[in-house]
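**Student:** Residue numbering for the sequence shown follows UniProt numbering, starting at 1 and increasing by one per position.
This is the structure, below, for whatever I ask next.
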Amino acid sequence: MADSQQKQSTADAPPLTLQPIGDPIPYDRVLLEARFSPDGQWLVGVGQDATIVRWAVGDPTDENPTGLTAAESLTGHNGWLTGMVFHPIVGHLFTVDSWGQLACYPYAQAAAGEPLWKHLTAHDGWIRAIAIQKSGAQIATSGNDGVVRLWSTGDGAKVSEWTHGSKVMSLTFTPDGKSLVSGDMFGVIRQWDLERGEVVREIGAAPLYQKHNNQECGGVRRLVFSPRGDRLAAIGQKEPRGGFATGIPCVMVFDWETGTVEREMPVGDRNDGFAYDAIFHRSGHLVACSSAFPRKGPLWLWHPEEEEAALIDKKLSNGFSLSPHPDGERLALLICNAPNGNGRGLKGGEYPGGSSRIHLMQITTQEASKG
C-alpha cells in the first residue's frame, strides 16, 4: 500500500448521513444514469427510451424543494442510451447507445438542440463504456466489440484505437490524463499509456467474474478514481452466477500506486444483484448503490480503512447511478423499478414496462450536523 499518511484516514472522515430533499422526481421509463452537469445547473438522465432527459437546477422553494424544473428532452438515438459524460468546460454532452452510436449534444440551453456531431457506427454494436479526460480534450469508448477508441471532443475525429481482446464494460481516465483504464468482462483491469497506445499494467479483479452454467457472468461494471487519484474502485458483483444473474453486490478498492486490493466491499446477499455505481465523498467514504429484483440491492456507505460498512440502507434499493452535485452537499440517486417479466401478463393489451425516480439527498457529515 502507498504511504497511508497520504490517504484520508478515518480520523479525518466523520460519518455521513443522507437526508431526502423533497419528493423523488418520477420518470415513466427506465433510466440507466442520471448525473449533474459540471456547473451544477443541469441534471441529465439517459436510459432505455433513447431519450436524453433534462432538468434545470434552480434554487429550492417551498413549492419546489428540489429546485428541479423539467426542460425539453434531446433526441436522435435509436437504441438504449448506455452512457454519457459531460465536457468539463464547454456545455457539451457525449452519449453512447446499444446500437453503436456516439453523439455530441449541446445541453446547456433551454431549447432542445440537434447533435453537433455523431457517429452512427462508432462501434460494432453495444457500447458499454464512455469516459472523458479531465482536460476535456478526448473521450474514450468501448463495448462488446472489444475495441477501445479515442475521439476528439471538438469535432468527433477518431484519434486512435486499440484492440482490447474481450468485452469492455468500463473505462476511466487517470486524473493526470496520461492513461486510460479499462475493465472487462473477465475481471481484468488494464492501464493503457495514451501516447504509446500500449498496456503498461494489468490489475486483477477476479472476484467480479465467474463462468457458471456455461455462462460468462459479472465483469468490472464501472471504474471510479478517488478525488486524489490514490484509490481506484472497481464495481460489480462478487461470485456472479448465471440464470437470474444472482450474486453479491461488491466494490473492490485498489491502492492505485501498487495495484493491490485495499478493501473488498461485499454487501447484501446473493439476491441483491450488481453494484452499479459508486462515488468517493471528500471525507474518504465510498457511497455505492446496487440493484437486482424489485426491492433488492441496498445503498451503502463504507470507508476503505474500515472493516465494515458504516451504513447499509435496504430501503433505498434498486439504485442504478449516483451523482454528487458540484457543491458537495447534494447527491442524485437514480432508482429504477424494472420488474422481472417472467410470466407477467398484459394489462389492457400492453406489457407494463419499468419506471424510474430520482432521489435528491442532502449529504451531511456528523461534524456539520453538530455545528
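Using N, Cα and C, we set each Cβ at its ideal position, and we do this for glycine too.
Considering only C-alpha positions, which residue in the set Ala110, Cys104 and His281 is nearest to Ile132?
**Tutor:** Cys104
**Student:** With DSSP as the reference, identify every bridge partner of Leu26, one or two as the case may be.
**Tutor:** Looking at the sequence shown, residue 26 is not Leu but Pro. BP columns for Pro26 point to Arg357.
**Student:** For Arg29, I'd like the list of residues in its chain whose CB is within less than 8 Å of its CB, leaving aside the five on either flank, ordered along the chain.
**Tutor:** Gly47, Gln48, Asp49, Thr51, Gly353, Gly354, Ser355 and Ser356
**Student:** Would you mind giving the Cβ-Cβ distance between Phe86 and Ile139, rounded to the nearest angstrom? I have them listed as a contact below 8 Å.
**Tutor:** Distance from Phe86 to Ile139 at the Cβ level is roughly 11 Å; contact not present, criterion being Cβ atoms closer than 8 Å.
**Student:** Take Pro15 as the anchor and find which of Phe293, Val96 and Trp300 has the nearest alpha-carbon.
**Tutor:** Trp300
**Student:** Taking the beta carbon of Val168 as the centre, do at least 16 other beta carbons fall within 10 Å, making it buried, or is it exposed?
**Tutor:** buried
**Student:** In three-state terms, what does DSSP make of Gln6?
**Tutor:** Annotation note: pLDDT 40 at Gln6 (below 50); position unreliable, coordinate value reported separately. In the structure shown, Gln6 sits in a helix (DSSP, three-state: H, G or I).
**Student:** Closest to Trp55 by C-alpha separation, out of Cys250, Ala70 and Ser135, would be which residue?
**Tutor:** Ala70
**Student:** What are the start and end residues of the beta strand (DSSP E) that includes Ile203?
**Tutor:** Glu198 to Gly204
**Student:** Go to Tyr209, then tell me how far its beta strand (DSSP E) extends in each direction, as first and last residue.
**Tutor:** First-last of the beta strand (DSSP E) with Tyr209: Tyr209 to His212.
**Student:** Is there at least one non-hydrogen atom of the ligand SAM closer than 7 Å to the beta-carbon of Asp255?
**Tutor:** For the structure depicted, the ligand SAM is absent and the ligand set is empty, with no information on it obtainable.
**Student:** Specify the secondary structure class of Pro266 as computed by DSSP and reduced to three states.
**Tutor:** Under the three-state reduction of DSSP, Pro266 is assigned to strand.
**Student:** Per DSSP, Gly45 forms a beta bridge with which residues?
**Tutor:** Ala34 and Val53
**Student:** Report the rounded CA-to-CA distance for Trp162 versus Ala129, giving the unit in angstroms.
**Tutor:** Using only the alpha carbons, I get a separation of about 15 Å.
**Student:** Starting from Gln19, trace the beta strand (DSSP E) both ways and give me its first and last residue.
**Tutor:** Leu16 to Pro20
**Student:** If you follow the beta strand (DSSP E) that Met84 is in, where does it begin and where does it stop?
**Tutor:** Leu81 to Phe86
**Student:** Quick one: grab the DSSP three-state call for Gly218.
**Tutor:** In the three-state reduction of the DSSP assignment, Gly218 falls in the strand class, which pools E and B.
**Student:** Measure the C-alpha to C-alpha separation of Gly218 and Thr61 and round it to an integer number of angstroms.
**Tutor:** Distance from the CA atom of Gly218 to the CA atom of Thr61, rounded to whole angstroms, is 43 Å.
**Student:** Measure the alpha-carbon distance for Ala205 versus Asn64 and round it to whole angstroms.
**Tutor:** 43 Å
**Student:** Ordered along the chain, which non-local residues of its own chain (more than five positions away) have a Cβ less than 7 Å from that of Gly203?
**Tutor:** A quick correction: the sequence has Ile, not Gly, at residue 203. Taken in chain order, the residues that qualify are Ile189, Phe254 and Gly259.
**Student:** Which stretch, first to last residue, makes up the beta strand (DSSP E) that contains Met185?
**Tutor:** Segment: none, Met185 is in no beta strand (DSSP E) and carries neither H nor E.
**Student:** Given a cut-off of 8 Å, decide if Pro298 and Asp313 are closer than it, judged by their beta-carbon atoms.
**Tutor:** yes
**Student:** Please report the distance separating the alpha-carbon of Val181 from that of Glu350.
**Tutor:** 43 Å
**Student:** Could you give the distance in angstroms between the alpha-carbon of Gly247 and the alpha-carbon of Gly273?
**Tutor:** 5 Å
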